[in-house]
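Residues in the sequence shown are numbered from 8 upward in steps of one, following my numbering.
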Amino acid sequence: MSMVCGSQASIQVWNYLKSWDAKKAGPMTYFPGAIIRVNKALPDQVYTSGSHVILSDDDSMFFQWHLSKRKFKSCYIDSVVLSPEDGIAANKTYTSSGSLTHIQIWNVTTPEKYMKSLSWNSRPQRIALMGTVGFFPDKEKIEQLELEDGWQSLMATRFPCGEEGTLSIEVACEGCRLEFEQVFSSPPLAFDLMEIG
Numbered sequence: 008m009s010m011v012c013g014s015q016a017s018i019q020v021w022n023y024l025k026s027w028d029a030k031k032a033g034p035m036t037y038f039p040g041a042i043i044r045v046n047k048a049l050p051d052q053v054y055t056s057g058s059h060v061i062l063s064d065d066d067s068m069f070f071q072w073h074l075s076k077r078k079f080k081s082c083y084i085d086s087v088v089l090s091p092e093d094g095i096a097a098n099k100t101y102t103s104s105g106s107l108t109h110i111q112i113w114n115v116t117t118p119e120k121y122m123k124s125l126s127w128n129s130r131p132q133r134i135a136l137m138g139t140v141g142f143f144p145d146k147e148k149i150e151q152l153e154l155e156d157g158w159q160s161l162m163a164t165r166f167p168c169g170e171e172g173t174l175s176i177e178v179a180c181e182g183c184r185l186e187f188e189q190v191f192s193s194p195p196l197a198f199d200l201m202e203i204g
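Structure below.
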């Protein structure tokens with residue numbers, strides 16, 4: 008899979024993708040254009056987009072992607088997690104407590120402008136629970152969640168895509184804590200959007 012970067016310069020990435028010859032490209036993994044924390048214990052605290060991901064009973068994360076027109080009409084949201092050995096080798100590790108089996112992915116309202124900063128009080132509102140994902144390396148994910156070949160096509164977080172637009176989601180967990188840096192580099196440690204077909 009190819010990977011496309013998103014950052015504060017997500018408009019440039021979006022314009023780049025719009026001009027890309029999509030017929031030659033395979034399914035892609037998209038890095039978010041915005042990654043923003045909000046904290047319900049500090050509802051007026053404003054956080055700006057950055058690489059630090061923290062989930063807890065008080066902390067949620069908002070992610071936003073700017074998508075171009077593509078031939079692939081189905082996408083899903085999932086975690087991309089390295090094995091402990093690969094994480095150490097790549098200097099990409101995470102800390103966690105509680106169960107990471109059912110991290111919630113919520114479809115939320117998309118702000119009119121690009122998300123650059125949010126507080127709990129200004130956050131986009133939830134529309135519907137898309138589904139849950141486990142935060143495990145693929146091998147462990149397949150074993151723990153009893154997945155079979157082709158499991159990506161059955162992802163609860165699957166949704167129609169392929170048209171130009173913006174997608175915003177909230178990632179939340181109950182009874183767990185997860186913290187890591189989501190940096191655009193390979194190998195990834197991330198919540199990402201993947202094309203599937």
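Where is the CB? At the ideal position from N, CA and C, for every residue including glycine.
Along the stretch 72-110, the alpha helix (DSSP H) occurs as fully enclosed runs of 4 or more residues at 91-96, listed in sequence order.
Note that the C-beta distance between Ser106 and Ala179 is not below 8 Å. Here the alpha carbons of Lys78 and Phe187 stand approximately 33 Å from one another. Taking C-beta atoms as the reference points, Pro34 and Met137 fail to come closer than 8 Å.
Excluding five sequence positions before and after Thr117, the CB atoms of its chain that fall closer than 6 Å to its own CB belong to Thr173 and Ser175, given in chain order. Ranked by how close their Cα comes to the Cα of Ser56, the residues Ser129, Leu62, Ala41 and Thr164 have Ala41 in first place. In this structure, Cys168 and Ser90 do not form a Cβ contact; the two beta carbons are roughly 29 Å apart against a cut-off of 8 Å. Annotation: the continuous beta strand (DSSP E) that includes Gly138 extends over Arg133 to Val140.
The beta carbons of Ile110 and Val140 sit about 5 Å from each other, so the pair counts as a contact at 8 Å. Scanning its chain for C-beta atoms nearer than 7 Å, with the 5 sequence neighbours on each side dropped, one finds around Val190 the residues Ser58, in chain order. If you draw a straight line from the Cα of Asn46 to the Cα of Ala197, it is about 20 Å long. Going by C-alpha positions, Ile84 is about 19 Å away from Ser63. Between Pro50 and Trp127, the C-beta gap is smaller than 8 Å, which places the two residues in contact. Annotation: Ser192 is outside any beta strand (DSSP E) and is labelled neither H nor E by DSSP. Between the alpha carbons of Pro39 and Trp113 lies a distance of about 15 Å. By DSSP's assignment, Arg184 forms a beta bridge with Ser104. Proximity to Trp72 across Ala97, Ile43, Asp93 and Asp65 peaks at Ile43, based on C-alpha coordinates. Under the three-state reduction of DSSP output, Asp65 falls in the coil class, being neither helix nor strand.
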